[in-house]
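This report refers to the structure that appears directly beneath it.
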Amino acid sequence: MTQDYDGIGSIEDLHAEARQVAGHDDFGSDEYLEGLRVLLDSFEREADLTPRGKVIARKMIVGALAGRLASETGFARYPEHVDVPIERPIFMCGLTRTGTTALHRLLSADPMHQGVEMWLAEAPQPRPARETWPANADFQRSDALYRARQANEADFMKVHFMGAEEVEECWRLLQQTLLSTSFETVAYVPSYTKWLAQQDWTGTYARHKKNLQLIGMNDRDRRWVLKSPSHVFAIDEIMKVYPDALIVRTFRDPRTSMASTFSLVEQGGHDMSRAFDREAIGRTQLELWARGNANFHAARERYNPEQFIDVDYRDFVADPIGTVEKIYAQFAMPFSDEARRAVTAAHEASLADHRRPSHKYSLEDFGVTAAEVDAEFALP
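If you number the sequence shown the way our numbering does, the last residue is 384 and the count never jumps.
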């Protein structure tokens with residue numbers, strides 16, 4: 005296979021590498037191709053990618069396509085996945101840097117809950133027994149990658165720790181349709197941003213559900229706990245696909261959460277996009293997440309308020325276990341002694357030194373003022 009080192013590569017070349025990575029060749033329906041074309045054009049015309057950026061952008065796209073291949077193979081191999089029930093799934097819908105990762109992992113610690121582990125988000129398949137993971141080729145590939153990142157990107161990992169076995173955000177499942185805010189947070193891609201803002205995510209969440217049914221085939225009685233900041237853009241679509249969904253919205257002073265977001269985006273971008281300098285990061289990310297916040301608040305008014313709960317970041321930090329207990333009470337879920345022990349153990353594990361954040365940031369570093377944040381986040 006020929007690698008196009010002068011660019012990300014052609015659509016045909018990207019598909020060829022994805023087939024090689026996944027070991028499968030059926031991408032299913034072609035609805036994802038429009039997004040792929042728009043994204044490639046935006047990467048190539050607008051992002052001014054560095055040589056390293058081209059490699060990373062290619063890996064992101066190949067990863068999304070390889071995940072799609074794995075899913076299509078699983079859908080065909082296990083047709084009974086369509087009969088797996090998904091009842092009252094919990095969606096974490098807080099904006100970035102509002103405590104969603106920590107709270108998501110606490111809720112997922114309940115033995116009666118399940119989340120999407122990183123390696124299964126990348127290569128969806130029925131979740132095998134935990135003791136068999138080390139022998140699974142997909143797990144081995146993911147584990148090697150994230151162990152290397154833990155060693156080489158220690159500072160970033162303290163801000164957002166990742167591991168193959170960790171319960172993680174589900175945006176990789178959304179990425180299979182090439183509808184994903186993930187691309188907007190690593191490079192300057194305004195044409196893709198404009199296109200994405202006009203899309204209906206219903207088909208993307210329908211595929212998301214099929215993936216959950218596939219992954220959860222062996223854990224049918226466990227409730228799903230899901231998390232991605234991008235869910236704020238798709239409350240209507242989530243409710244269309246999952247009408248009994250339970251929504252946890254975390255919030256924090258936007259001045260602080262946006263400054264932290266800008267810093268995280270800068271660290272996570274790996275200097276991919278020369279056009280994505282600090283000023284561009286501040287401008288694009290403020291617009292993106294303020295728009296998501298407005299969309300969330302407008303959409304939630306159309307649904308049963310008993311399906312929503314708001315969690316203040318300060319309350320969560322002050323009393324993590326109490327916050328979890330309030331969520332269970334809001335949704336009339338039993339908080340068993342076993343669940344309490346598991347959640348408490350998960351919280352204590354999260355305090356380990358390698359997961360303790362060391363994160364400094366300010367709005368001014370990214371050319372944004374507090375007044376601009378206040379104006380963007382002011383609701384009608």
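Glycine included, C-beta positions come from ideal geometry on N, C-alpha and C.
Query	Result
Spatially closest choice to Pro247 from Ala298, Leu177, Tyr307, Gln24, by CA coordinates	Tyr307
Where Leu200 falls: helix, strand or coil (DSSP)	helix
Same chain, Cβ closer than 7 Å to Ala350, neighbours up to 5 away in sequence not counted	Arg109, Leu110, Ala113
DSSP state of Ile12 mapped onto helix, strand, coil	coil
Chain-order list of residues whose beta-carbon lies under 8 Å from that of Ala80 (same chain, five-residue window excluded)	Asp30
6 Å Cβ shell around Ala26 - same chain, five flanking residues per side excluded	Ala70, Leu73, Ala74
Meets three-Cβ-pair contact criterion under 8 Å: the segment 127–145 and the segment 216–225	yes
Thr348 in three-state terms, based on DSSP	helix
Best match in Tyr192, Ala382, Glu76, Ala375 for proximity to His28 [C-alpha to C-alpha]	Glu76
Start and end residues, beta strand (DSSP E) containing Met96	94–96
Buried versus exposed, by CB contacts within 10 Å (16 or more), Asn215	buried
Phe79, enclosing alpha helix (DSSP H) - first and last residue	55–81
C-beta contact flag for Trp205 and Glu241 at 8 Å	yes
Touch test, the segment 184–196 against the segment 258–277, Cβ-Cβ under 8 Å, three pairs minimum	yes
Beta-carbon spacing of Tyr365, Ala263 below 8 Å	yes
Whole-angstrom distance between Gln154 and Arg359, CA atom to CA atom	Its pLDDT being 49, under 50, Arg359 is placed unreliably in this model, and the value from its coordinates should be taken loosely. Using only the alpha carbons, I get a separation of about 10 Å.
Neighbourhood of Thr102 by C-beta, 8 Å cutoff - its chain only, sequence neighbours within 5 removed	Thr254, Phe255, Arg256, Ser261, Tyr317
Whole-angstrom C-beta distance between Trp175 and Ser234, which should lie under 8 Å	6 Å
Ala139 to Ser146 span [Cα, whole Å]	12 Å
Residue of Glu368, Glu380, Glu342 minimising C-alpha distance to Met116	Glu342
Limits of the unbroken alpha helix (DSSP H) element including Thr185	Per DSSP, Thr185 belongs to no alpha helix (DSSP H) and is neither H nor E.
Where Asp30 falls: helix, strand or coil (DSSP)	coil
First through last residue of the alpha helix (DSSP H) which encompasses Phe266	258–272
Coarse secondary structure for Ile313, derived from DSSP in three states	strand
Test item: CB-CB of Ile251 and Phe95 under 8 Å	yes
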